[in-house]
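Below: one structure, written as structure tokens.
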Amino acid sequence: MEKIKYLILGAGISGLAFAYNKRDDDYLLLEKDSRAGGLCQSFFAPGFVWDVAGHFYHFHNEKTKEFVKEMLKGSELCDVTKCAKVFYKGKYMDAPFQYNIHQLEHGEFMECLTDLYYAEGDNNAQSFKEFVRQKFGKGISDKFLIPYNEKLYSCDLDELERDSMGKFLPKLTFDMLMTFYRGGKGSTYNDYFIYPKNGTMELVNSYLKQLDSDRLHLGETVSAIDVENHRVTTDCGTYEYENLISTLPLRDFVRMSGCGDSTLFRSNKILILNLGFDLPSIDKEVNWIYFPGEEIFYRVGFYNNIAPRPKMSLYVEIGCRSDEKIDIPSMLERTLDDLKRVHITDDHKLEDYHPIVVEPAYVHISKEGKEETERVMAAMKSHKVHMVGRYARWEYSAIDDSIEQALALAEEI
Ligand SMILES: Cc1cc2nc3c(=O)[nH]c(=O)nc-3n(C[C@H](O)[C@H](O)[C@H](O)COP(=O)(O)OP(=O)(O)OC[C@H]3O[C@@H](n4cnc5c(N)ncnc54)[C@H](O)[C@@H]3O)c2cc1C
Numbered sequence: 353m354e355k356i357k358y359l360i361l362g363a364g365i366s367g368l369a370f371a372y373n374k375r376d377d378d379y380l381l382l383e384k385d386s387r388a389g390g391l392c393q394s395f396f397a398p399g400f401v402w403d404v405a406g407h408f409y410h411f412h413n414e415k416t417k418e419f420v421k422e423m424l425k426g427s428e429l430c431d432v433t434k435c436a437k438v439f440y441k442g443k444y445m446d447a448p449f450q451y452n453i454h455q456l457e458h459g460e461f462m463e464c465l466t467d468l469y470y471a472e473g474d475n476n477a478q479s480f481k482e483f484v485r486q487k488f489g490k491g492i493s494d495k496f497l498i499p500y501n502e503k504l505y506s507c508d509l510d511e512l513e514r515d516s517m518g519k520f521l522p523k524l525t526f527d528m529l530m531t532f533y534r535g536g537k538g539s540t541y542n543d544y545f546i547y548p549k550n551g552t553m554e555l556v557n558s559y560l561k562q563l564d565s566d567r568l569h570l571g572e573t574v575s576a577i578d579v580e581n582h583r584v585t586t587d588c589g590t591y592e593y594e595n596l597i598s599t600l601p602l603r604d605f606v607r608m609s610g611c612g613d614s615t616l617f618r619s620n621k622i623l624i625l626n627l628g629f630d631l632p633s634i635d636k637e638v639n640w641i642y643f644p645g646e647e648i649f650y651r652v653g654f655y656n657n658i659a660p661r662p663k664m665s666l667y668v669e670i671g672c673r674s675d676e677k678i679d680i681p682s683m684l685e686r687t688l689d690d691l692k693r694v695h696i697t698d699d700h701k702l703e704d705y706h707p708i709v710v711e712p713a714y715v716h717i718s719k720e721g722k723e724e725t726e727r728v729m730a731a732m733k734s735h736k737v738h739m740v741g742r743y744a745r746w747e748y749s750a751i752d753d754s755i756e757q758a759l760a761l762a763e764e765i
């Protein structure tokens, strides 16, 4: 059996980015789906372009931004300054909630402000819930951060490790609050982003154009991994490798290779409803809205306000426990009712829709899970097995992280 120098499991953005960095070398990508792209795929209906919920390109590194812009040369790009809102107690206010508490009714504003002033810092927080309460105070936590994130993660935040959201949780200081209060601006990781008008898949297509199609096996599912003997088995055969790059969810990798305890890797799943309507959106500015209340969804985004199109095109995200049964018709019905109640729709009629279930979606980082992730990744490295991407490293990260992790690894091995 011929040994493949770089065997890559999964052809989402992480797998493609790694292959791209070794495009002149000996690599093979194995992908179970019939299309490459993973969560960065796009879907098309007459008048509508949808992703797996909106997948926008935001960056913390100029070099990565320039690289992506170069990859997307020739695509029509939208440069967007974020406009995000929160629907709280029947009214819309600016997001992030914690920076804009002055927009609350006076009593609630004072409550949040006082609680923030007396917040203890985050000295001894064990769980994410404790961390949030210590850092932001009870008011901001109980009104928004805890209910919103419990809808998103679909679990009690006490089950999550304190730094579960890392850089994705907007930080808050009194100075920042005062800047917002006086009409100034603060900064969050995605204040500006770029988005191809024809969907996030444009980047996937750009990678594919520069890779050898014979080295991408679509519709081939990995079923077993033998890390001692450097072998991977799929439903089509067995491959020997020198280096293995896994972008598969760590839970699946651990289950297939027997290298750890897969039960420590818990997550939620989400139902995404991409919805196309016959009329324009009512609010033509907003990019997405957070819903901490009783609505079925935790977030609704407007593709057509980001990449301008005449008719309203939404992604609706609904968090579910991993063991929860997803009844799409009834969840769609409730979604349409709730959209009307929160004034996103009026006389709008649904023209087309596309449901997608993502699992895992948000990984539940627990203390034991984090320790097991670190142990498995370190042990695998000595077997020439490397993990790239959000699910392979069982973390909360984004597309730019995948691109950077892939580049760093390609330079290392
Ligand atoms: C709701 C949501 C919204 C998001 N929005 C953004 C955003 O706006 N901006 C941003 O930067 N990031 C966003 N992200 C994060 C982003 O989706 C991920 O960081 C990124 O897509 C991860 O890419 P990946 O290649 O590592 O994983 P994946 O896209 O999951 O790719 C893994 C691939 O492995 C394949 N695979 C799995 N098992 C097997 C098997 N047994 N055999 C063969 N192949 C297999 C899968 O089919 C898949 O193609 C969002 C994530 C979610 C859930």
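Take the sequence shown: its position 25, counting from 1, is numbered 377 in the numbering used here, and each next residue is one higher. The beta-carbon is built from N, C-alpha and C at its ideal position, and this holds for glycine as well. Remember, predicted model here, so these are calculated numbers, not experimental data.
Can you give me the Cβ contacts of residue i inside the same chain, cut-off strictly under 7 Å, excluding the 5 residues immediately before and after it?
| i | result |
| --- | --- |
| Phe411 | Lys417, Asp752 |
| Ser609 | Ile577, Val579 |
| Ser386 | Leu570, Gly571 |
| Lys636 | Asn657 |
| Asn373 | Ala758, Leu759, Ala762 |
| Ala477 | Phe483, Gln486, Arg514 |
| Leu465 | Ile453 |
| Arg607 | Ser614 |
| Phe488 | Gln450, Leu468, Ala471, Leu497, Leu524 |
| Glu724 | Gly612, Asp613, Leu616 |
Among the residues of its own chain, which have a CB less than 6 Å from the CB of residue i, if the five just before and after it don't count?
| i | result |
| --- | --- |
| Ser516 | Phe480, Ile717 |
| Glu572 | Leu382, Thr586, Cys588 |
| Thr697 | Leu691 |
| Phe449 | Val438, Phe496 |
Ends of the beta strand (DSSP E) at residue i?
| i | result |
| --- | --- |
| Cys430 | 429-433 |
| Leu361 | 355-361 |
| Ile624 | 618-629 |
| Phe400 | 400-403 |
| Ala436 | 436-440 |
| Glu711 | Unbroken run through Glu711: none, as it is neither H nor E. |
| Asp446 | 443-446 |
| His738 | 737-739 |
May I ask which residues mark the beginning and end of the alpha helix (DSSP H) holding residue i?
| i | result |
| --- | --- |
| Phe395 | From DSSP, Phe395 is part of no alpha helix (DSSP H) but of the beta strand (DSSP E) over 394-397. |
| Asp752 | 751-764 |
| Pro499 | 498-505 |
| Tyr372 | 365-373 |
| Tyr379 | Not the alpha helix (DSSP H): Tyr379 falls in the beta strand (DSSP E), residues 379-382. |
| Val728 | 719-733 |
| Phe483 | 480-492 |
| Gly426 | Note, Gly426: premise wrong, no alpha helix (DSSP H); not H, not E. |
| His458 | 458-469 |
Could you round the C-beta distance between residue i and residue j to whole angstroms and report it? I think they count as a contact, below 8 Å.
| i | j | result |
| --- | --- | --- |
| Gly653 | Ala405 | 7 Å |
| Val432 | Phe545 | 5 Å |
| Gly389 | Met553 | 6 Å |
| Asp630 | His700 | 6 Å |
| Asp508 | Glu502 | 7 Å |
| Tyr547 | Phe408 | 5 Å |
| Lys549 | Ala659 | 4 Å |
| Ile365 | Ser619 | So it is not a contact: roughly 19 Å between Cβ atoms. |
| Gln562 | Arg375 | 6 Å |
| Glu463 | Gly491 | 4 Å |
| Lys357 | Asp377 | 6 Å |
| Gly551 | Val401 | 5 Å |
| Ala744 | Thr599 | 5 Å |
| Cys611 | Met739 | About 11 Å separates the two Cβ atoms, so there is no contact after all. |
Going along the chain, which residues of its own chain have a beta-carbon closer than 8 Å to the beta-carbon of residue i, five neighbours each way excluded?
| i | result |
| --- | --- |
| His695 | Ile634 |
| Thr771 | Absent from the structure is residue 771, since the part of the chain shown begins at 353 and ends at 765. |
| Pro662 | Gly399, Pro632, Asn656 |
| Asp446 | Ala436, Lys437, Val438, Asn452, Gln455 |
| Asp510 | Ser479, Phe480, Lys481, Glu482 |
| Glu512 | A quick correction: the sequence has Leu, not Glu, at residue 512. So the qualifying residues of the chain are Ser479, Phe480, Lys481, Tyr505, His716, Ile717, Ser718. |
| Val574 | Leu361, Leu382, Lys384, Val584, Thr585, Thr586, Leu600, Met608 |
| Val420 | Tyr409, Phe411, Ile546, Leu555, Asp752, Ile755 |
Practice task
Please list the segments of the beta strand (DSSP E) lying wholly inside the stretch 631-697, counting only runs of 3 or more residues, in order along the chain.
Solution key: The qualifying runs are 640-642, 651-654, 665-673.
Practice task
Count the C-beta pairs between the stretch 523-533 and the stretch 453-471 that are closer than 8 Å, then say yes if the count reaches three, no if not.
Solution key: Short answer: they touch.
Handout entry: Contact the stretch 615-624 vs the stretch 700-718: 3+ CB pairs below 8 Å
Key = A contact is defined here as three or more CB-CB pairs under 8 Å, and the stretch 615-624 meets this definition with respect to the stretch 700-718.
Exercise for the section: Entirely within the stretch 574-615 and at least 4 residues each: give me those alpha helix (DSSP H) ranges in chain order. Expected result: Within the stretch 574-615, the complete alpha helix (DSSP H) segments of 4 residues or longer fall at 602-609, listed in chain order.
Exercise for the section: Give, in chain order, every unbroken run of the alpha helix (DSSP H) that is at least 4 residues long and sits entirely within the stretch 512-579. Expected result: Qualifying alpha helix (DSSP H) stretches, in chain order: 526-533, 553-561.
Handout entry: Segment contact flag, the stretch 591-598 with the stretch 554-568, C-beta cutoff 8 Å, min 3 pairs
Key = Using a Cβ-Cβ distance cut-off of 8 Å, the stretch 591-598 and the stretch 554-568 are not in contact, since fewer than three pairs of beta carbons, one from each stretch, lie closer than that value.
Exercise for the section: Determine contact between the stretch 464-471 and the stretch 675-683, defined as no fewer than three beta-carbon pairs at a distance below 8 Å. Expected result: Contact annotation: the stretch 464-471 does not touch the stretch 675-683, with fewer than three C-beta pairs closer than 8 Å.
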